[in-house]
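Participant: Supplied in structure tokens, the structure appears directly below.
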């Protein structure tokens, strides 16, 4: 992350948080309208995500509700995901 450490591109965050396998898949997911940010549909992969925002992501496996806790400069292993998000899927139902 370069200038702003309090925000990150939506497609990068989804990829770093291991919601999808590739950044291209993250961009496609956003462009196809399967991502909501604080309840509003987002269709731009470059849309900024900020700390504390809530993402609702519709995937083949179901809907996930995620709160942004942090950002990463690189995609880490599965254990590093806990630093990036809170999975609040069950809380939102």
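Numbering (the UniProt record's numbering), first residue to last: 1 to 93.
Beta carbons: idealized from backbone N, C-alpha and C, even for Gly.
1) Pairing CB atoms from the region 78 to 85 with CB atoms from the region 9 to 29, are three or more of them under 8 Å?
2) Between the Cα of residue 36 and those of 11, 74 and 69, spot the shortest distance and give me the residue it belongs to.
3) In chain order, what residues of the same chain have a beta carbon less than 8 Å from the beta carbon of residue 75, not counting five sequence neighbours either side?
4) With 16 other CB atoms within 10 Å as the buried threshold, where does residue 56 fall?
5) Mind reading off the beta-carbon distance from residue 68 to residue 85? Whole number of angstroms is fine, and I expect it under 8 Å.
6) The alpha helix (DSSP H) that contains residue 31, what's its start and end?
7) Any idea what DSSP makes of residue 89, helix, strand or coil?
8) To the nearest angstrom, report how far apart residue 70 and residue 51 are at their CA atoms.
Facilitator: In this structure, then:
1) yes
2) Comparing alpha carbon positions, the residue from 11, 74 and 69 closest to residue 36 is 11.
3) 15, 16 and 18
4) buried
5) 6 Å
6) Under the DSSP assignment, residue 31 falls in the alpha helix (DSSP H) whose first and last residues are 23 to 31.
7) coil
8) 6 Å
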